[in-house]
Amino acid sequence: MNVEDLQSVDSKKMYQVYDSWPQISKESFDNNFKEFDVKNIDHIVFVGMGSSGSIGDVISSILSKEDIHVSNVKGYHLPKTVDSNSLIVTVSASGNTQETLTVL
């Protein structure tokens, strides 16, 4: 399958979204975000729908053999296991995904 074939069956334009991830990542890393202490974090929760939720799947797989719990939320509610030692990461390519904003 070539790019043209993929684009012809990709009605949701997911190819374009995934193709833009390197640029989105670069822009994110170039921002000057405030640092915070993560030494007590024992649970990471990724919140995102569609392709925005995929990063949680990737990180969960990477950390699967580590001593940290990773949850992926692709809906409206955080897990009951969320506490003060949880890091919640929300991801929305559009910036206005209803489910992601509701969790905030």
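Oh and the sequence shown: position 54 is 54 in the UniProt record's numbering, straight run, nothing missing.
We treat Cβ as the ideally placed atom computed from N, Cα and C, and that holds for glycine.
Which listed residue (Val-82, Leu-78, Gln-7 and Ile-68) has its alpha carbon closest to that of Lys-39: Reading the sequence shown from its first residue, position 39 is the one you call residue 39. Nearest option by C-alpha distance: Ile-68.
Endpoints, beta strand (DSSP E) assigned at Ile-88: Mapped onto the sequence shown, residue 88 falls at position 88. That run of the beta strand (DSSP E) goes 86-90.
Out of curiosity, what's the CA-to-CA distance linking Asn-31 and Val-82? By one-based count along the sequence shown, residue 31 stands at place 31. By one-based count along the sequence shown, residue 82 stands at place 82. Going from the Cα of Asn-31 to the Cα of Val-82 covers about 27 Å.
Three-state secondary structure (DSSP) of Ile-59: Your numbering for residue 59 matches position 59 in the sequence shown. It is helical.
DSSP beta-bridge partners for Asn-31? By 1-based counting over the sequence shown, the position of residue 31 is 31. None; Asn-31 has no bridge partner.
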